[in-house]
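In the working numbering, the protein residues as written are 168 to 976.
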């Protein structure tokens, strides 16, 4: 540009620079306005896409771990799926914990309105300079927004959303409420959310009991949880003193379920010998479900703690002496547990299944129900009796109850077991075991898995239907070999026998004939039994409507509408020990069935009761019939096939059950206090080594310990509606419901040979003299022989039952 007249070269140079500066400044202004516009547009877009929140109810947005409690209100297990979280009121948090959080995270927390612009602008400029997002600049309020409503992903869009939500939180909540939300929603490493979960996980104590040193260490985690976690997990070296280390049991993430190596299995055995882990943890380690290591203090966590303590001192929150004492305080890691030691997961697994079923029934979809169960902060109250549960766990761990034990091709110990113990007056399941020698969660629960019930179905199948149809315990049936040879008795034959003696000796022929006699055709007779079973919530009965699922290689379909299934227990699928216990519980409960259940009450995180088990009863039979059945089942235990279940000191009733080829061993029985079912069998359905008495032996041992401190009781007899009648030919007094009478009694006389013809005294004397002269004892011999036969016939039900009672049927 040409110089103007009189303009010096310097003036010209300054003018050029002045113009350039104006242009550059103008460009900066334009760029700034453009950037502000872009940022404003970006912010508007981010905010417009932000979901609506309820800032007055922040707790609803916090995922909280649900807890399962036993009958005494004690925590049994926290249902941790991915993260462990437990809400705690800020009033239960120590002041030094709250001050530590403010000191390191947001020292102007009480001064700003949700956003600390000075800190935010400083962090933004540094991020632009470094071209990263390492500097956050977030206040505690913004971190609450991030924890609850946005995400941990670093971006400017998320930052705008955090600011937007922070203003809403500040407008609706007090500073105390915001701090409470932050300390309950922040992540503290190792899958823990919130200070209460952190206190229990790292120091095994409530947050209210944390020292200043412990509080500072916990607060320090939140900045970078993986870096500042209080401990790391290291392998356990050979020769280490196992009793002096802090064990860390971590769920396996890689190679989960892959069998552990030889050294790991040996380590698990050693830890169990020292009582450092329980039997279930040992099995989980061996099966590869969890990894065992030692917790080693993390030096980075200690440095972070000291930084926080110095910061608190510089802000006047603590004096120097207090700071030094906290820095020098030894940190004693005491890793907390989330599950009660010494019990398997079977009971809690059953609780979870029932809660999900309840939530689905309330209208929640499956995914939503799962989220509520694990993250809804539910308090689930159950009737679990830990003492009884531990009795079950102890018994199934004893190999002596399982002769023929072996390990199958999958490495699972056999035979296996399923046990249920319940309170028949309420329907509450107080203990359950679904297997032995197995660890892990969500494994096959054999207490809920159907197996063929064998003869244990007889009381709830043909005999219950008979009593409901007006039949009696004194009705007589022909217990002799059948044409064609089916069905057969394994306990011998009694000739003509009463129903009581049929059930006592577990006669297959008798049960079949009773079932057959319920109606004029097999389908109608079967339907009567099915109706009763379905009323007792037996869910595994296969009917023609669904028999397409059960077809053999010859395309023959199978279902349970037949006498073999319903009178002898040869069912298509079977019945579970849980449902067998429920069905049998009808008898000691006066004919009233209450569905077995694991959940008493469910409360949400706010304390609102969302479910309470009313346990409604269904009448299956009359109190009189229930008492008669109970009486017959007492005979089974006293002198029949169930004598191995008798432990004395209590009134006991029950029924054995075995299946073809010795595949299943059952005993289902009850006392005036509890009903219990025991099933033993091999998972692959191969024969048992000693099937006849296994379940009865185990049942007796369990129930004897369960009743150890309970006083003797008799089964409650109905006040009216019963009468008793002596049956001479049977040799005992029977119980009958009013309005009923025994049928076929005269047939019992067929078991008794005719008595010798009565002669007058003179004829007898002449005959005796004649016989004596001839040296013959034919007459007396025949009489004696006849008496012997008579004794055998009329006493067969007793003698046979006694002689064969060691053979469980």
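Yeah, the Cβ is synthetic: ideal placement off N, Cα and C, and Gly gets one too.
- Task: For residue 280, count neighbouring C-beta atoms within 10 Å of its own C-beta (all shown protein chains included) and say buried if the count is 16 or more, exposed if not.
- Result: To locate residue 280, count along the chain shown from 1; it is residue 113. That one is exposed.
- Query: Roughly how many whole angstroms lie between the Cα atoms of residue 350 and residue 315?
  - Reply: On the chain shown, position 183 is the one that residue 350 refers to. On the chain shown, position 148 is the one that residue 315 refers to. The alpha-carbon separation between residue 350 and residue 315 amounts to approximately 12 Å.
- Task: Indicate whether residue 710 and residue 688 have their beta-carbon atoms separated by less than 8 Å.
- Result: Taking the chain shown and counting its residues from 1, the one referred to as residue 710 is at position 543. Taking the chain shown and counting its residues from 1, the one referred to as residue 688 is at position 521. Not closer than 8 Å, so no.
- Message: Tell me which residue opens and which closes the alpha helix (DSSP H) that residue 314 is part of.
- Response: Counting from 1 along the chain shown, the entry for residue 314 is found at position 147. In the DSSP assignment, residue 314 falls within the alpha helix (DSSP H) that extends over 307-315.
- If we ignore side chains and look at the alpha-carbon of each, how far apart do residue 527 and residue 495 end up? Here the question's residue 527 lines up with position 360 in the chain shown. Here the question's residue 495 lines up with position 328 in the chain shown. Answer to the nearest angstrom: the Cα atoms are 53 Å apart.
- Can you tell me whether residue 417 is buried or exposed, with buried defined as 16 or more other CB within 10 angstroms of its CB? Working through the chain shown from its first residue, we reach residue 417 at position 250. With a threshold of 16 other beta carbon atoms within 10 Å, residue 417 falls short and is exposed.
- Message: Quick check: what's the CA-CA separation for residue 1008 versus residue 522?
- Response: Nothing in the structure corresponds to residue 1008, since the chain is present only between 168 and 976.
- Item | Simplified DSSP state of residue 697, which is helix, strand or coil | Sequence index remark: in the chain shown, residue 697 carries index 530 (1-based). In the structure shown, residue 697 sits in a helix (DSSP, three-state: H, G or I).
- Sequence-distant residues of the same chain with beta carbon closer than 7 Å to residue 564, five excluded per side: Counting from one through the chain shown, the residue named residue 564 turns up at place 397. The residues are 446 and 603.
- In the DSSP assignment, what are the bridge partners of residue 768? Walking along the chain shown from the start, residue 768 turns up at place 601. DSSP output for residue 768 lists 548 and 779 as bridge partner(s).
- Among residues of its own chain, excluding the 5 on either side of residue 342, which ones have a beta-carbon nearer than 8 Å to its beta-carbon? Locating residue 342 in the chain shown gives position 175, where the first residue counts as 1. The beta carbon of residue 342 sits closer than 8 Å to the beta carbons of 276 and 277 from its chain, once the five residues preceding and following it are set aside; these are given in chain order.
- Where does residue 840 sit, in a helix, a strand or coil, going by DSSP? Working through the chain shown from its first residue, we reach residue 840 at position 673. Residue state, collapsed to three classes: coil.
- Query: Using CA coordinates, which residue listed in 863, 672 and 664 is at the minimum distance from residue 658?
  - Reply: For the purposes of this step, residue 658 is taken as residue 491 along the chain shown, with counting starting at 1. Considering only alpha carbons, the answer is 672.
- Message: Nearest by alpha-carbon distance to residue 663: which of 552, 916 and 468 is it?
- Response: Position 496 of the chain shown, counting from 1, holds the residue named residue 663. The closest CA to that of residue 663, considering only 552, 916 and 468, is found on 916.
- So what does residue 252 bridge to, in DSSP terms? Counting from one through the chain shown, the residue named residue 252 turns up at place 85. According to DSSP, residue 252 bridges with 360.
- Give a yes or no on whether the C-beta atoms belonging to residue 903 and residue 839 are separated by under 8 Å. Here the question's residue 903 lines up with position 736 in the chain shown. Here the question's residue 839 lines up with position 672 in the chain shown. Contact: no.
- Message: Below 8 Å on the Cβ atoms is my contact criterion, and I expect residue 823 with residue 863 to pass it. Report the Cβ-Cβ distance as a whole number of Å.
- Response: Position 656 of the chain shown, counted from the start, is the residue given in the question as residue 823. Position 696 of the chain shown, counted from the start, is the residue given in the question as residue 863. About 6 Å separates the two Cβ atoms, so the contact holds.
- Query: For residue 827, does the count of other Cβ atoms within 10 angstroms reach 16, so buried, or fall short, so exposed?
  - Reply: Position 660 of the chain shown, counted from the start, is the residue given in the question as residue 827. By the 10 Å Cβ count, residue 827 comes out exposed.
- Query: My guess is that residue 230 and residue 388 are in contact by the Cβ rule of under 8 Å, so how many angstroms apart are they, rounded?
  - Reply: The count along the chain shown starts at 1 and reaches residue 230 at position 63. The count along the chain shown starts at 1 and reaches residue 388 at position 221. The beta-carbon separation of residue 230 and residue 388, rounded to 18 Å, does not stay under the 8 Å limit for a contact.
- Using the beta-carbon count (16 or more within 10 Å), is residue 773 buried or exposed? The residue labelled residue 773 in the question sits at position 606 within the chain shown. Classification for residue 773: exposed.
- Query: Applying the criterion that 16 or more other CB atoms from any shown protein chain within 10 Å of the CB defines a buried residue, is residue 893 buried or exposed?
  - Reply: Walking along the chain shown from the start, residue 893 turns up at place 726. The residue in question, residue 893, is exposed, as its Cβ has fewer than 16 Cβ neighbours within 10 Å.
- Going by Cα to Cα distance, which pick from 269, 354, 708 and 272 is closest to residue 249? The residue labelled residue 249 in the question sits at position 82 within the chain shown. Measuring from the Cα of residue 249, the nearest candidate turns out to be 354.
- Query: Which of the three DSSP states, helix, strand or coil, is assigned to residue 541?
  - Reply: Residue numbering aside, residue 541 sits at position 374 when the chain shown is read from its first letter. Here DSSP, grouped into helix, strand and coil, assigns residue 541 to helix.
- Query: What span of residues does the alpha helix (DSSP H) with residue 517 cover, start to end?
  - Reply: What you label residue 517 is simply residue 350 of the chain shown in a count that begins at 1. Note, residue 517: alpha helix (DSSP H), 513-528.
- Message: I believe residue 799 touches residue 640 by the beta-carbon criterion, under 8 Å. Please report the beta-carbon distance rounded to the nearest angstrom.
- Response: In the chain shown, counting from the first residue as 1, residue 799 sits at position 632. In the chain shown, counting from the first residue as 1, residue 640 sits at position 473. Yes, they are in contact, since the Cβ atoms of residue 799 and residue 640 sit about 6 Å apart, within 8 Å.
- Query: Which value, in whole angstroms, describes the spacing of the CA atoms of residue 912 and residue 810?
  - Reply: Locating residue 912 in the chain shown gives position 745, where the first residue counts as 1. Locating residue 810 in the chain shown gives position 643, where the first residue counts as 1. Taking the Cα positions, residue 912 is about 27 Å away from residue 810.
- Per DSSP, what kind of secondary structure is residue 266 in: helix, strand or coil? For the purposes of this step, residue 266 is taken as residue 99 along the chain shown, with counting starting at 1. In the structure shown, residue 266 sits in a helix (DSSP, three-state: H, G or I).
- Can you have a look at residue 879 and say buried or exposed, based on whether 16 or more other CB atoms are within 10 angstroms of its CB? Numbered from its first residue, the chain shown carries residue 879 at position 712. Flag for residue 879 reads exposed.
- Message: Among 803, 393 and 368, whose alpha-carbon lies nearest the alpha-carbon of residue 381?
- Response: Indexing the chain shown from 1 puts residue 381 at position 214. For residue 381, the closest of 803, 393 and 368 by C-alpha to C-alpha distance is 368.
- In whole angstroms, what separates the C-alpha of residue 875 from that of residue 815? Counting from one through the chain shown, the residue named residue 875 turns up at place 708. Counting from one through the chain shown, the residue named residue 815 turns up at place 648. So the alpha carbons of these two residues sit roughly 11 Å apart.
- Own chain partners of residue 463 with C-beta closer than 7 Å, once the 5 adjacent residues on each side are dropped: Taking the first residue of the chain shown as 1, we reach residue 463 at position 296. For residue 463, where only same-chain residues beyond five positions count, the Cβ hits under 7 Å are 398, 399 and 401.
- Message: On the DSSP letters alone, give me the boundaries of the alpha helix (DSSP H) that residue 471 sits inside.
- Response: For the purposes of this step, residue 471 is taken as the residue at position 304 of the chain shown. Bounds of the alpha helix (DSSP H) holding residue 471 are 466-481.
- Any idea what DSSP makes of residue 396, helix, strand or coil? Translated into the one-based positions of the chain shown, residue 396 becomes position 229. Coil.
- Query: Taking the C-alpha atoms as reference points, what is the distance between residue 533 and residue 598?
  - Reply: Within the chain shown, numbered from 1, the residue matching residue 533 stands at position 366. Within the chain shown, numbered from 1, the residue matching residue 598 stands at position 431. In a straight line, the C-alpha of residue 533 is about 27 Å away from that of residue 598.
- Taking all protein chains shown into account, do 16 or more other C-beta atoms lie within 10 angstroms of the C-beta of residue 955, making it buried, or fewer, making it exposed? Sequence index remark: in the chain shown, residue 955 carries index 788 (1-based). Bear in mind that the predicted position of residue 955 carries a pLDDT of just 31, short of 50, making it unreliable; the figure below should be weighed with that in mind. Residue 955 should be labelled exposed.
- Message: Only counting the same chain, and skipping five residues up and downstream in sequence, which positions put a Cβ closer than 7 Å to that of residue 632?
- Response: Taking the chain shown and counting its residues from 1, the one referred to as residue 632 is at position 465. The residues are 685, 695, 696 and 699.
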